[in-house]
Amino acid sequence: MTKDQLTIKDTVEMFLFVAKRVIDSKDILTEADKKIGDGDHGVNMARGFQTVIKILEEDSFPTLGDLLNSIGMSLLTSVGGAAGAIFGTFFRGGAKNLMEESVFNAQTLSIMLIDALEAIQQRGKAKKGDKTMVDVLEPAALKSKETRSLSLKDALSLIVKEAEEGVEKTKEMVATVGKAKTLGERSLGYSDPGAITTSLILRYMLEYVKLE
1 MTKDQLTIKD
11 TVEMFLFVAK
21 RVIDSKDILT
31 EADKKIGDGD
41 HGVNMARGFQ
51 TVIKILEEDS
61 FPTLGDLLNS
71 IGMSLLTSVG
81 GAAGAIFGTF
91 FRGGAKNLME
101 ESVFNAQTLS
111 IMLIDALEAI
121 QQRGKAKKGD
131 KTMVDVLEPA
141 ALKSKETRSL
151 SLKDALSLIV
161 KEAEEGVEKT
171 KEMVATVGKA
181 KTLGERSLGY
191 SDPGAITTSL
201 ILRYMLEYVK
211 LE
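Following the working numbering from start to finish, the sequence shown increments by one per residue and tops out at 212.
Set out below in structure tokens:
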């Protein structure tokens with residue numbers, strides 16, 4: 001593994017690391033969801049990523065697209081509800097143009113994020129400002145277009161900064177989609193759980209790439 005790019009094997013290891021870290025973050029996600037949702041987001045995501053770990057440890061993946069599609073299908077079938085559909089779409093959408101790629105670098109990361117954003121917006125019709133994961137994914141995807149020539153570590157560092165700023169901005173938004181929209185103005189002051197999860201996935205990817 002180099003800081004500039006990952007092999008398929010390295011990328012599997014990265015997503016194993018991400019999955020374990022998301023599971024470890026269950027309580028953070030649960031607390032966030034209790035504020036404006038049902039309070040089950042943390043449990044649901046932990047269950048989903050437990051299934052992801054099983055698939056990553058047992059299956060083989062010829063391309064990045066195969067890997068991402070398998071993660072997406074695992075989340076879609078194991079998480080259930082809106083979160084399963086959203087995060088399943090995130091990974092399956094991100095796989096779209098990577099079915100012949102075998103190196104994960106700043107360029108293929110950008111392709112993944114841009115295609116994931118398009119797939120999620122097509123599915124859920126959410127736009128920036130609706131207090132959803134789009135408020136994290138859109139600025140992250142746009143930043144990724146500017147970072148394609150950088151090392152993977154440097155690209156992710158800049159992308160994560162955009163993502164985490166996006167999470168903070170959702171505190172200032174009134175939810176207009178999903179269950180949180182029933183709260184109206186009462187959703188102000190709280191970050192969107194899906195936005196937090198998206199940001200954490202990117203943060204944990206960066207943490208893995210930074211490992212010596």
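Glycine residues also receive a C-beta, built at the ideal position from the N, C-alpha and C atoms.
No experiment lies behind these values; they were computed from the predicted model shown.
- Across the set K125, A126 and A95, the C-alpha of A95 shows the shortest separation from the C-alpha of I114.
- Beta-carbon to beta-carbon, S157 and L206 are separated by about 6 Å, close enough to satisfy the 8 Å threshold.
- Going by DSSP, L206 is part of the alpha helix (DSSP H) stretching over P193 to K210.
- Non-local beta-carbon contacts of F61 in its own chain, meaning distances under 7 Å to residues more than five positions away in sequence, involve I8, V12, L67 and S70 in chain order.
- About 6 Å separates the CB atoms of S110 and K145; that is less than 8 Å, so the two are in contact.
- Note on geometry: alpha-carbon atoms of E172 and G189 lie some 6 Å from one another.
- DSSP, reduced to helix, strand and coil, places L150 outside both helices and strands of the structure shown, so it counts as coil.
- With at least 16 other beta carbons inside 10 angstroms of its own, E101 counts as buried.
- Cβ neighbours of L75 within its own chain (closer than 7 Å, five residues either side excluded): G48, V52, G84, F87, G88 and F91.
- Between G81 and the set T108, V103, D40 and N97, the nearest pair of CA atoms involves D40.
- Distance between E58 and L16, taken at the CA atoms: about 12 Å.
- Secondary structure of L6 (DSSP, three-state): strand.
- Here K26 has G42 and A46 as same chain residues with Cβ atoms under 6 Å from its own Cβ, once five neighbours each way along the sequence are excluded.
- With 16 or more neighbouring CB atoms inside 10 Å of its own CB, E162 falls in the buried class.
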